[in-house]
Each structure stands twice: as structure tokens, then as C-alpha cells.
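Beneath this line is the structure, given in C-alpha cells, with notes to follow.
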Amino acid sequence: MNLKSIIPLLLVGLGSTAQDIDIFVAGKNWQGECNYQIENTSASTARVFYYKSDYQIDSKNIQLDKGEANLMITPNTALVLLYLKEGSTDKHIWVSIENDSLKVQANKHLFLGNAYAGQYSDLTGIDTDFEKALNFYDTYKSETSVIDPKLFSERYWSVKRTVDSSNVLHELKERMALVNNADEYEFLIRNLSALGEYEKSEQLKSQFVKNFPNHPEAIEMATWDLRKESYITKDNNERFQLYKKYIDQVSHYKGVKSLERIDAHKAQFLIRLYDFYLKKGHDWHKEVATFSPSNQVYVYAITASNMIQNNPFEAMALIEKALEVKDESLIKEFSKNSIFLPEEQKRMALKCKELPYFLKGKIHLKSKLYDLAAESLEKAVSLNEYSFPDYYEAYLDALIALNDKDNFMSTMSLVEAKSKLSEKYQKAKEEFLNQEKEALAVAMNPVLEKLPLATFDTKEGAKLSTDRFKNKTIVIDFWSNSCDKCVQSFPGMYYLQKVYAKPDVEFYLVNVDAWQFDDADFRAANFNLQERGYAEFTQLFDFNGSARKAFKVESLPSKIIIDPNGDIKYFQDNYMGVNEVEELEKVLKKIIKDQGKTSK
354 MNLKSIIPLL LVGLGSTAQD IDIFVAGKNW QGECNYQIEN TSASTARVFY YKSDYQIDSK
414 NIQLDKGEAN LMITPNTALV LLYLKEGSTD KHIWVSIEND SLKVQANKHL FLGNAYAGQY
474 SDLTGIDTDF EKALNFYDTY KSETSVIDPK LFSERYWSVK RTVDSSNVLH ELKERMALVN
534 NADEYEFLIR NLSALGEYEK SEQLKSQFVK NFPNHPEAIE MATWDLRKES YITKDNNERF
594 QLYKKYIDQV SHYKGVKSLE RIDAHKAQFL IRLYDFYLKK GHDWHKEVAT FSPSNQVYVY
654 AITASNMIQN NPFEAMALIE KALEVKDESL IKEFSKNSIF LPEEQKRMAL KCKELPYFLK
714 GKIHLKSKLY DLAAESLEKA VSLNEYSFPD YYEAYLDALI ALNDKDNFMS TMSLVEAKSK
774 LSEKYQKAKE EFLNQEKEAL AVAMNPVLEK LPLATFDTKE GAKLSTDRFK NKTIVIDFWS
834 NSCDKCVQSF PGMYYLQKVY AKPDVEFYLV NVDAWQFDDA DFRAANFNLQ ERGYAEFTQL
894 FDFNGSARKA FKVESLPSKI IIDPNGDIKY FQDNYMGVNE VEELEKVLKK IIKDQGKTSK
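So our numbering is basically just the index in the sequence shown, starting at one, shifted up by 353.
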């Protein structure tokens, strides 16, 4: 659906003195650019609240320019309501959106009904009051056509049952005598069960299954007892017989929705029958292959999760099967459902891979393969829409094991705003901060005071002595091809060279891998520089390790800054992360400034 042409919304005569406007966004699937024009308001900032899912609300700030704002609305949003904070003369403002393919009227009675029913309480501060909620819902029903009848019905009757259960029960009994369609059966069964009228509910279930045998909900009800038994029993022989009965019972059903529901239930059976199939010599994988792509991913992932502790190698094989399911197949499956936009189809396809990546990372953690664990868990976290804490905790565990301070700190910043983590991760954060302080202290107190006499090797096979460094500012970076942190520091060094390199300020990268003039070593070093876009670096080699010893380099990467007087002004072992460039730049600026004073 293309909503790029959504018309500007004009709200006239607000007469508000509020400094902030909150825009609430909720509802169905559409996206596009929306222009707001708000007259007679002094508000300078708007805050938009939008629903990412049924369970999650997010928000962001936008600036108003003389009452005008431009906002990009994302999928899963539709109803737009402007809500002025306390202090405004008009607290609630209601707007409509319209273009060629969409017309939606935001309704204050629906919003306030939902608010008094307990929704949005963290945003509005409105206390729950079911009687008020019911009054607003009744007004909404009488004044406008309901946008999502099924969802509204569930909310409305949930509130009505709470306010007046005896009258609701009387009304339901009257409607039982007149029931003649599937939606009405569902409605009555759900509400009677909620009121504890189980006998009447079961009576209606039998009628529903008989009169609407192909309805997905009828299949659900007709097979519930059989499926319940399969959950309860611990005997796989019995569970297998129940599975066969289930297949026989649903074999005559037709229709896409019905078959999708059946597929999901068969998946639940097969997850529990994995060991049984293997022992009996049945082809479990062949049966799983008959499922829809998303159910294949689900079966492989959940079955794997059940065996991670006792059989991690077999669990990993199942996870790899889950990840083999083609993204294109998943997108095609989700595209059958018209509620998903193209971008949403891709997101849903990726989300199917969320659990397999998480489980894969957990197995690597158990096997102490921390690099592989971090790689898989990073993908799981990026797809973790609901911000499950265990996803983040597993990823943080891998980063702690790798001593990856930068990624740990950035992930913690993200997680702390969403989830509450155990004290273990706060302690790890404090330890990383302490390491950083210690590294800064070492950096400002170099081991060496003066430039030592040393010789480097050039890629042409010549020698370069440190005598050549006299009367110049020199930045040296000792590094290795096998050092990931060395490569991570290249962008910062590249930036410093771009900004500060001059005839009297030189930068050198010293590779310590090559112990002789060897083509393979040069190729490896050149790959890390030229292939990564750092060909402008001047590269030197330390064939016999003498330069490394002369500079007392114990770990990599090591960065050293020498001023024109031959004084070592900076010496840092190991990569300091995001603070490194700032510290290097501070030292360089001071040297350049001091030299400027000396030359006058």
C-alpha cells in the first residue's frame, strides 16, 4: 500500500499554550509519510507513541516548526490521535487520515474506553475504571462504524462481564437460542467459558463442530481432548497412536486456514515424537518437510532446544536444518496473508530465524566457542523484537568471554533502557570501566621516555632507522594479521592520518608477523590494509623482532607517539576502543600546539 501521498492534517483553533504534544499512533497495517499542521499552538516538540506489537509501545520525539511536523509512520499503525500534555486548554485532539486507499477516523470514545479499561496507563496516567470504559465503548458503538469488530468485541465484552456479569449471562442465554453463524458460536463459547458456564459452553462446542466442521476454530475444539492427552502422557507409544488418530480425524478438512492450523498441531506432536521416530526407524525429517516453511523452522528449533543440554551436537544439526529453510519460501508464505506489507513479510521471515540463531549461540557458548557464539547471538539479538532478556544475557556472556568491551558497553546501553538484567552484568560493566581507567593511566605514563634506536624493514626489502624520525612527530602502530583488535583500530588511525599527516607528522604501521622476506606474509598484511581500504598507510615490518624489543612492546596493538624532540608522549598497549582516537588526538594537538609556540 503506497501512502506517500497522505494529505496534510489541519487542526484549527486549539488555543493551546502547551510546550509539548504527544501523538498516539495505534491500529492496523499501513505506512507512509504524514504531514501535520497544527494552528494556534505554541508547542515546540511533539512526541509520537506507536505500537510495535501487541505488547510493546515505543516513542520518539519530533520537532515542530510553527506548529508543523513531518512524521514517517511505520507498519502496524493506523489511528492517529494528538494528545496535549497537562497545561493545555484542549487536552484531547482527534484527527483523521485520508488518501486514495485509506480513510481512518480516530475516535476519542474508543481511545478513552481503552484507557479506562487499563490500556496506555503508563502513558496517560488514567486509572482503571471499567464503568467509565463501558460508557465510552457504548458511545463509540452508537456513533461510528467499528474499525476492527472482532478485537473491539473482545475488549467490550471483557469489560461488560466485569461490570455486570448477571445481565451479561442473561443476554448470552437468550442469544444461545438464536445462534446460527460461526462468529456467534465463537463469541458465546468464549464468554460463557469466561463466566464459568462450562456445561453450556461444551454444549455449544458440540453444535459448532457439527454445523461448521471446516472452520479453523471448530477443528481446534473438535481435537482439543485428543491433543490434551498427547501433552499429558509420558508414553511415546501412546502419543504416536494419538498422533495417528489426530491425522485420521482431520484428514477430511479443507481450506487454507484450516490446513495451516492442522499443520501447527502436527508440529507439536512431532516435536515430542523425535526420539520415538529415530528408535522405530521412521523418517522424522521427511514428515517435517511436509509442513509450511515457518512450521519447519519451528519444529527443528523447538526440538533442538529440548536436547541442548544432553545432546548439543544433535541439537546443532537440527538448528542448521532450521536455518537452511529458504528466506524466499518464508516470505512467500507470509505474503499469502494480506495483512503483511512487503517489508513486513521480510521481517517476519527473518524473525523465524530468531530462535535458531539464539539456540546456535547457546550451544557455542556451552562449547566455549565464543567467537561463533557472539556471531550467532548478535543476529538473534538484532531480530529480538520483544527484547527477551535471555537473548541479551547470552550475547553479553559471549562478549564478556571475548573481553569485547566496546560491543559489551554498547549492548548494555541498549538493553538497560529495555530490560532489567541480573547483577552479574552490572559487575562486568564496572570491571570494563575500571580496565578503561587503568589503560588511560598507563597511556599517560609511558614505559619509555625517549625514542630508542631501532631498525624497521620496508616492503621493498630496505632498512629504515629511527634516526630518520628526528625533528618530526611520529605515530607508530605495532600490529599483527591475527589480531582482530588491531584491525578494529584501523579506522581510527585512518582518520588521524587523514587529519594530521603532514611533512613533519608521519604515521607508520609496523607488522610483526613476518620473520623473513616472505611473499605469504606480505600478502596477508596487504590484504588487511589494501583490501580493507587502507592502502594509504605507510607499512613497515619487524622481521627479527628487534624493533618490538627496542620499544618494549608487550601486547598488540601498541601505539606510540614521539614528538620532534624524540620524547615519547604516548605509549598504549592493547586497543582502548572508542576512547582511543580521542586520546591520540589530544596528544597530537598538544604536540602541534607546542611546536607552534616554539617556532615563533
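By construction, the Cβ of each residue, glycine as well, lies at the ideal position given by its N, Cα and C atoms.
Task: Outcome for Ile-615 when other beta-carbon atoms lying within 10 angstroms are tallied against a minimum of 16 - done: buried
Task: Classification of Gly-845 by the beta-carbon crowding that lies within 10 angstroms, buried from 16 upward - done: buried
Task: Residues sharing a beta bridge with Val-858, DSSP - done: Thr-826 and Lys-855
TODO: Look at the alpha carbon of Phe-831 and the alpha carbon of Arg-821, and state the distance between them as a whole number of angstroms.
DONE: 18 Å
Open item on the list: Is there a C-beta anywhere in chain B that falls below 9 Å from the one on Val-934?
Closed with: As a matter of chain content, chain B is missing from the structure shown, which is built from one protein chain.
TODO: Work out the CA separation of Thr-576 and Tyr-599 for me, nearest whole Å.
DONE: 7 Å
Open item on the list: By alpha-carbon positions, which one of Tyr-627, Ala-854, Lys-689 and Ser-604 ends up nearest to Pro-646?
Closed with: Lys-689
Open item on the list: Checking the sheet assignment: what are the DSSP bridge partners for Ile-913?
Closed with: Ile-829 and Phe-924
TODO: Closer than 7 Å by C-beta to Ala-698: which residues in its own chain qualify, once you throw out the five before and the five after it? Chain order, please.
DONE: Here residue 698 is Gln; the residue named in the question, Ala, does not match the sequence. So the qualifying residues of the chain are Ile-684, Phe-687 and Ser-688.
Open item on the list: Less than 7 Å between C-beta atoms, sequence neighbours within five positions excluded: which residues of the same chain meet that for Asp-916?
Closed with: Thr-826, Lys-922 and Ile-944
- [ ] Could you spell out where the beta strand (DSSP E) holding Lys-816 opens and where it closes?
- [x] 816-818
Open item on the list: Measuring only the C-alpha atoms, how far is Lys-803 from Glu-889?
Closed with: 28 Å
Open item on the list: Check for me: the alpha helix (DSSP H) holding Gln-556 runs from which residue to which?
Closed with: 551-564
TODO: Check whether the segment 580-600 touches the segment 545-564, counting contact only when three or more Cβ pairs, one atom from each stretch, lie closer than 8 Å.
DONE: no
Task: Boundaries (first-last residue) of the beta strand (DSSP E) holding Thr-811 - done: 808-811
TODO: Indicate the three-state DSSP secondary structure (helix, strand or coil) for Val-863 in the structure shown.
DONE: strand
Task: Spatial distance of Ser-518 from Glu-573 (CA atoms) - done: 27 Å
Open item on the list: Within 10 Å of its beta-carbon, does Leu-504 have 16 or more other beta-carbons around it, so buried, or fewer, so exposed?
Closed with: exposed
- [ ] Out of Phe-894, Phe-593 and Val-852, state which residue places its alpha-carbon closest to the alpha-carbon of Leu-937.
- [x] Val-852
Task: Residue from Phe-622, Ala-571, Glu-570 and Tyr-861 whose Cα sits closest to the Cα of Phe-809 - done: Tyr-861
TODO: Select from Tyr-710, Ser-835, Leu-730 and Gly-930 the residue whose C-alpha is nearest the C-alpha of Met-762.
DONE: Gly-930
- [ ] Express the C-alpha separation of Val-828 and Asp-920 in angstroms, rounding to a whole number.
- [x] 12 Å
Open item on the list: I need the straight-line Cα distance from Glu-776 to Ser-720, nearest angstrom please.
Closed with: 24 Å
Open item on the list: Determine whether the beta carbon atoms of Ala-470 and Val-521 lie at a separation below 9 Å.
Closed with: no
Open item on the list: Quick check for students: name the residue ranges of the alpha helix (DSSP H) that lie wholly in the segment 570-645, counting only runs of 4 or more.
Closed with: 577-585, 589-603, 609-625, 627-633 and 637-641
TODO: Please report how far the alpha carbon of Leu-941 lies from the alpha carbon of Asn-737, in whole angstroms.
DONE: 42 Å
Open item on the list: I'd like to check one pair, Asp-757 with Ala-727: are the Cβ atoms closer than 9 Å?
Closed with: yes
- [ ] Taking Thr-656 and Tyr-630 to be in contact with their CB atoms under 8 Å, please state how far apart those CB atoms are, rounded to whole angstroms.
- [x] Thr-656 to Tyr-630, Cβ: 10 Å. No contact.
Task: Start-to-end residues for the beta strand (DSSP E) that takes in Phe-896 - done: Per DSSP, Phe-896 belongs to no beta strand (DSSP E) and is neither H nor E.
Open item on the list: DSSP three-state label for Gln-779, please.
Closed with: helix
Open item on the list: Looking at Phe-904: is its Cβ nearer than 9 Å to the Cβ of Thr-811?
Closed with: no
Task: C-alpha distance - Val-858 paired with Leu-806, whole-angstrom precision - done: 19 Å
Task: For Arg-885 and Gly-949, the rounded distance between their alpha carbons - done: 35 Å
- [ ] Please report the residue range of the alpha helix (DSSP H) in which Ile-684 lies.
- [x] 680-688
Open item on the list: Using a 10 Å radius around the Cβ and a threshold of 16 neighbouring Cβ atoms, would you call Lys-946 buried or exposed?
Closed with: exposed
Open item on the list: Helix, strand or coil, according to DSSP, for Gln-892 in the structure here?
Closed with: strand
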